[in-house]
Amino acid sequence: MLKPKVRWQSVEVDESQIDILVDQLAVHPLVARLLVNRGIENPDEARSFLNVQLTELHDPFSLDGMAEAVQRIRQAISNQEKILIYGDYDADGVTSTGIMMKTLRSLQGNVDYYIPNRFTEGYGLNEEALRRAKESGVQLVITVDTGISAVQEAKLCKQIDLDLIITDHHEPPAILPEAWAVINPKKENCSYPFDQLAGAGVSFKLAHALLDRVPEEWLEIAALGTIADLVPLINENRVLAALGLKQMNQRQHVGLKALLEVSGVEGEVSAGHVGFSLGPRINASGRLDSAGQAVELLLTEDPDEAREIAGNLDQMNRERQRLVETITEEASAMVEADPERHQRFIIVAAPGWNVGVIGIVASRLVERYYRPTIVLGIDEETGMAKGSARSIVGLDIFQALSQCADLLPHFGGHEMAAGMSLPQENLPALHSRLNDVAASCLKDEDYIPLSKVDAQLKLEEISLDLIEELEQLSPYGMGNPTPRFRIAEAEVSKMQQIGRDQNHLKVNLKHDSYTLDAVGFRLGELAEEIAPSARLEVLGELTVNEWNNRRAPQLLIRDLHVPHRQIFDWRSNGDQTERFRRLAYRKDVLFLSRQPLEDRLKSEDHNALFRLWQHHLDDSDHRELEKVQYVVLADLPPSEDTFITWLRSFPHLRRIYFAYGDREMESALSQTPDREQFKHLYAFLRSHKGISPRRDLHRLAQLTGLSPKWVRFMLQVFQELDFVRITKGQLEVVQQTGKRSLSESGLYTLQQNRDKIQELFIYSSHRDLCSYISSVLSAESSLGGSTEWTSKKKSG
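Residues in the sequence shown are numbered from 1 upward in steps of one, following UniProt numbering.
Now the structure itself:
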């Protein structure tokens with residue numbers, strides 16, 4: 001068995017709704033199923049989803065505050081007032097700033113931008129920056145992707161006669177800032193039909209209103225911010241993402257073209273490229289330094305300047321990756337040093353941690369431990385801790401932090417992510433409070449990741465044509481996840497570890513005559529967890545592998561499950577110590593051997609159980625063996641009966657490892673002579689006198705056509721049964737008064753047992769072993785025992 005890492009939950013839908021979409025849209029049934037899975041059941045809605053058009057965008061003036069904002073901005077442009085765009089340092093803020101700068105410049109506005117420094121100023125509006133803006137002659141400040149919580153800063157603007165327009169998409173507080181206009185689709189009583197826009201989406205809507213047309217030329221910038229900010233790719237976000245990616249693939253934008261080149265993105269640009277290649281490089285500027293370089297990349301029309309900036313962003317991203325790896329390992333060490341403290345909610349903090357990357361570190365810890373997580377960097381001079389939070393399904397992190405508002409001078413965010421700052425001395429109280437919040441709203445099962453299964457597929461159903469039809473649902477992202485499919489009863493045709501560090505897994509899946517290549521990134525360690533005869537259940541995403549001008553379907557593995565017991569054939573005369581050590585840390589492993597094995601492992605921290613084959617089982621043993629799930633046969637069993645007795649002692653057995661060699665059999669006979677061969681030798685001995693077993697062994701072998709090993713063994717059996725006696729080195733045949741069976745000889749019986757052991761455990765193929773184990777455990781089941789083993793011959 002191999003347990004999945006996540007819970008697989010099949011999406012249950014009304015099959016009749018699928019039939020309706022198939023009939024009215026003439027789409028593949030799987031496409032229709034995926035639409036219904038996403039709650040898109042109405043044919044008109046489904047048609048709009050599959051055929052993205054600019055006409056699907058809503059009227060920007062439906063946003064509360066839009067009319068007032070447009071009137072004031074047009075007035076400022078007309079009067080050549082100095083306008084300042086106040087943005088944020090992440091990808092959403094950078095793209096929002098870029099859209100507004102391009103819009104106001106195209107309208108001949110006197111405009112500049114300002115993005116605060118993450119390290120010296122922090123997130124959002126700050127009073128010092130506003131005062132400097134006023135002193136420099138700025139008369140109108142327009143925020144993008146920030147400002148919804150800036151109540152105090154808005155009051156300052158009124159005091160210093162600085163007009164303020166706020167555009168944001170984050171959760172509004174109970175009391176809104178008093179500004180000239182506040183545009184946020186999440187505002188209470190706002191009638192806008194879609195409230196999930198990113199900051200870039202809100203800026204795009206403002207640009208639309210100012211220009212009296214859809215600014216198609218900036219769709220790709222809006223798509224970059226929308227995808228990078230992980231908002232749901234539905235409704236207007238889907239329009240912006242889909243059409244923006246289409247535009248991005250034309251590679252006309254000077255800055256984004258340069259960024260695609262340094263990112264190594266070739267061919268068609270997807271949402272995945274934006275999320276994992278472009279977005280991180282845009283973000284790197286604000287994480288390590290000032291976000292100004294990223295904004296300039298979006299604004300420049302000079303290809304040389306664009307290449308230089310893109311190269312700088314790429315270098316910053318490499319440094320960002322190094323920092324993330326270092327801090328992640330340090331944070332993980334803290335969690336593992338005190339797992340009880342972090343059982344429900346992880347909070348880790350340390351001086352010197354770069355606050356520009358701790359949000360990524362928090363995401364990494366959620367991936368690794370699947371716990372709500374806060375990571376904070378501590379400023380030792382001020383004693384303030386600044387951090388980022390990432391949550392899991394079931395805990396709204398913004399609401400959780402709201403219950404701790406008395407401990408947090410500043411915090412903000414949404415359901416799955418947030419930021420905050422607080423005095424270092426408040427950290428223990430915050431951790432205790434959030435542990436209680438988690439305990440009240442999360443059950444034990446909520447700490448196991450959940451993955452939706454869109455449909456179950458057979459290998460024979462998978463083709464390039466099907467994958468291309470499924471592309472109608474892209475781009476994928478939040479709210480429209482990449483479809484995941486379950487493939488069951490797949491045999492392993494070939495399996496290997498790939499990659500420079502051998503840390504990826506490649507498996508060729510087979511069912512009947514159909515095959516499919518499957519790749520699992522960072523799953524290379526599973527190669528030793530899957531037996532060659534395993535029948536896999538795989539959860540994955542369908543992709544196209546393009547190599548040497550050949551295109552073939554491929555499955556990107558997200559999780560694996562082996563639902564049956566597995567047999568691992570590690571039979572070898574080589575040293576198995578390292579393999580044994582990798583198993584010995586588990587508490588559910590039992591090693592069976594002829595001689596004590598513990599010393600061979602040379603490890604003091606193993607948790608495994610050890611038993612000798614000849615150990616006599618009693619009641620206390622049976623109780624202890626109930627926890628055993630893995631059994632390692634480090635030596636050959638002494639007999640089949642002993643093996644069966646042990647095998648049936650493990651009610652929860654999941655794996656058997658045959659991990660011995662045949663060295664001990666080298667001196668033994670490979671096969672017991674049959675009765676006719678015994679008769680032949682005995683008849684020869686009766687007709688020849690004066691034979692010396694020691695002197696004449698090889699001559700006897702030549703004359704009888706038997707091997708010397710056989711002759712020596714047969715003479716020993718004859719001697720044990722009193723058929724012959726050896727006196728002073730000479731062999732004499734004893735006259736028999738009655739018949740005796742060869743089975744009366746202990747040597748003969750022992751050798752027959754060896755024959756059986758060799759046949760079952762040495763010379764058998766892996767398939768033979770599987771069939772034999774299956775028959776043993778199936779026989780136990782038929783007698784009333786408990787087993788999960790399958791009776792099929794193709795066993796795992």
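All C-beta atoms, glycine included, are put in the ideal place defined by N, C-alpha and C.
Determine the DSSP secondary structure at residue i, reduced to helix, strand or coil.
i, result
"Ala179", "coil"
"Thr143", "strand"
"Leu636", "coil"
"Phe276", "helix"
"Leu162", "coil"
"Ser106", "helix"
"Arg281", "helix"
"Asn480", "strand"
"Ala490", "strand"
"Ser649", "coil"
"Lys587", "coil"
"Pro708", "helix"
"Leu2", "strand"
"Arg510", "Rather than Arg, the amino acid found at residue 510 in this sequence is Lys. Correct three-state label for Lys510: strand."
"Phe658", "strand"
"Lys452", "strand"
"Val776", "helix"
"Leu473", "helix"
"His504", "strand"
"Gln736", "coil"
"Gln496", "strand"
"Thr235", "The sequence shown places Asn at residue 235, rather than the Thr named in the question. Asn235: helix per DSSP, three-state reduction."
"Ile726", "strand"
"Leu197", "coil"
"Gly520", "strand"
Return the first residue and the last residue of the beta strand (DSSP E) that residue i is part of.
i, result
"Phe610", "Leu609 to Leu612"
"Asn317", "Looking at the DSSP string, Asn317 is not in any beta strand (DSSP E); the run it does join, the alpha helix (DSSP H), is Pro303 to Ala337."
"Phe568", "Gln566 to Asp569"
"Gly65", "Segment: none, Gly65 is in no beta strand (DSSP E) and carries neither H nor E."
"Asp559", "Arg550 to His561"
"Ser10", "Arg7 to Ser10"
"Leu84", "Lys82 to Tyr86"
Let me check one thing: in DSSP terms, what residues is residue i bridge-paired to?
i, result
"His410", "Ser421"
"Arg535", "Glu491"
"Gly387", "Leu376 and Met420"
"Thr543", "Gln554"
"Ala350", "Gly377"
"Leu457", "Ile487"
"Leu592", "Arg611 and Leu633"
Determine, using beta carbons only, whether residue i and residue j come nearer to each other than 8 Å.
i, j, result
"residue 798", "Gly124", "One cannot answer for residue 798 here, as it falls past the ends of the chain, which runs 1 to 796."
"Leu601", "Arg586", "no"
"Ser10", "Val544", "no"
"Val507", "Leu556", "no"
"Leu612", "Arg594", "yes"
"His652", "Glu626", "yes"
"Gly65", "Ile183", "yes"
"Leu35", "Leu470", "no"
"Gly377", "Tyr89", "no"
"Leu299", "Met100", "no"
"Gln583", "Tyr630", "Per the sequence shown, the amino acid found at residue 583 is Leu instead of Gln. Yes, the Cβ-Cβ distance between Leu583 and Tyr630 is below 8 Å."
"Ala242", "Pro475", "yes"
I'd like the span of the alpha helix (DSSP H) that includes residue i, first residue to last.
i, result
"Glu759", "Gly746 to Phe761"
"Glu732", "Unbroken run through Glu732 is the beta strand (DSSP E), Gln730 to Val733; no alpha helix (DSSP H)."
"Ala258", "Val254 to Val262"
"Val295", "Gly292 to Leu299"
**Message:** Check whether the segment 452-469 and the segment 417-436 touch, using three or more Cβ-Cβ pairs below 8 Å as the test.
**Reply:** no
| said: Quick check: the segment 364-379 against the segment 321-340, are at least 3 beta-carbon pairs closer than 8 Å? | reply: yes
Can we say the segment 45-59 touches the segment 253-266, given the rule of at least three CB pairs closer than 8 Å?
-> no
When you compare the segment 110-120 with the segment 281-296, are there three or more beta-carbon pairs, one atom per stretch, that lie closer than 8 Å? yes
**Prompt:** How do the segment 486-506 and the segment 524-544 stand: do at least 3 beta-carbon pairs fall below 8 Å, yes or no?
**Reply:** yes
Does the count of Cβ pairs from the segment 391-404 and the segment 304-312 closer than 8 Å reach three? no
| message | For the structure I just gave you, are there three or more beta carbon pairs, one from the segment 742-753 and one from the segment 714-724, closer than 8 Å? | response | yes
* Asked: Three or more C-beta pairs closer than 8 Å, one from the segment 169-176 and one from the segment 38-54: is that the case here?
  -> no
Assess, as a yes-or-no matter, whether the segment 633-648 is touched by the segment 758-767 under the definition of 3 or more beta carbon pairs within less than 8 Å. yes
For this session: Would you check if there are 3 or more beta carbon pairs closer than 8 Å linking the segment 194-212 to the segment 236-248?
Result: yes
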